[in-house]
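In our numbering, the protein residues as written are 6 to 189.
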């Protein structure tokens, strides 16, 4: 990974972060698992800093841990919180620490997830992203998520923000290009 970053062969680092959901032995929040996950995360975060790459962050039951990295994350050009699981106040805390954070919303917003709706409604518009997390986290009544669900997610973001769908689509696209430093 270091060689790929050094040679300019990757455009971002990730998915990096913490999974302490507790549904498998490796995801139980204990000293050993936390130490291993911290070691991997710190390596990837420092790689993103060293090579000025965005980082995509995964967080399950670990927002408090990531908050402790706020000063270091502020050195990363863009921190994309994949399928943002947190509350608006937590997102605002990252921004308040100077983290160039983007918060991505997927199918939980279609299910009216309280935190997703709250964060989507309250965050600055230039900090919003959308995703499907395909094939996981399907909408109600479906077995899998697919890329086609992105239109419904964008429509829901537009509804939550009380803006037209085409405006939401343009906003999300601009934010994507800014966060990932690309001109697609």
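All C-beta atoms in this analysis are idealised placements derived from N, C-alpha and C, irrespective of residue type, glycine included.
C-alpha gap between residue i and residue j, whole angstroms
i	j	result
residue 112	residue 36	32 Å
residue 200	residue 66	Any property of residue 200 remains undetermined from this structure, which presents the chain solely from 6 to 189.
residue 54	residue 170	35 Å
residue 18	residue 152	22 Å
residue 186	residue 178	12 Å
residue 117	residue 147	16 Å
residue 85	residue 29	25 Å
residue 155	residue 167	18 Å
residue 182	residue 10	19 Å
residue 68	residue 31	18 Å
residue 40	residue 48	12 Å
residue 20	residue 144	22 Å
residue 80	residue 38	26 Å
residue 26	residue 119	19 Å
residue 180	residue 138	18 Å
residue 104	residue 56	17 Å
Bridge partners - residue i, DSSP secondary structure assignment
i	result
residue 133	108
residue 19	61
residue 84	60 and 106
residue 24	65
8 Å Cβ cutoff met for residue i and residue j
i	j	result
residue 108	residue 134	yes
residue 106	residue 96	yes
residue 94	residue 126	no
residue 161	residue 115	yes
residue 163	residue 173	yes
residue 92	residue 123	yes
residue 89	residue 121	yes
residue 46	residue 22	yes
residue 71	residue 15	no
Nearest-angstrom beta carbon gap, residue j and residue i [assumed within contact, 8 Å]
i	j	result
residue 195	residue 110	With the chain covering 6 to 189 only, the question about residue 195 has no answer from this structure.
residue 63	residue 24	6 Å
residue 130	residue 176	6 Å
residue 76	residue 43	Incorrect: roughly 15 Å between the Cβ atoms, too far for contact.
residue 7	residue 52	6 Å
Whole runs of the alpha helix (DSSP H) within the stretch 38-75, excluding any shorter than 4 residues: Under the rule that a run must span 4 or more residues, the alpha helix (DSSP H) segments found entirely inside the stretch 38-75 read 68-72.
Contained alpha helix (DSSP H) runs [length at least 4] in the stretch 116-168, N- to C-terminal order: Whole alpha helix (DSSP H) segments, 4+ residues: 119-127 and 155-166.
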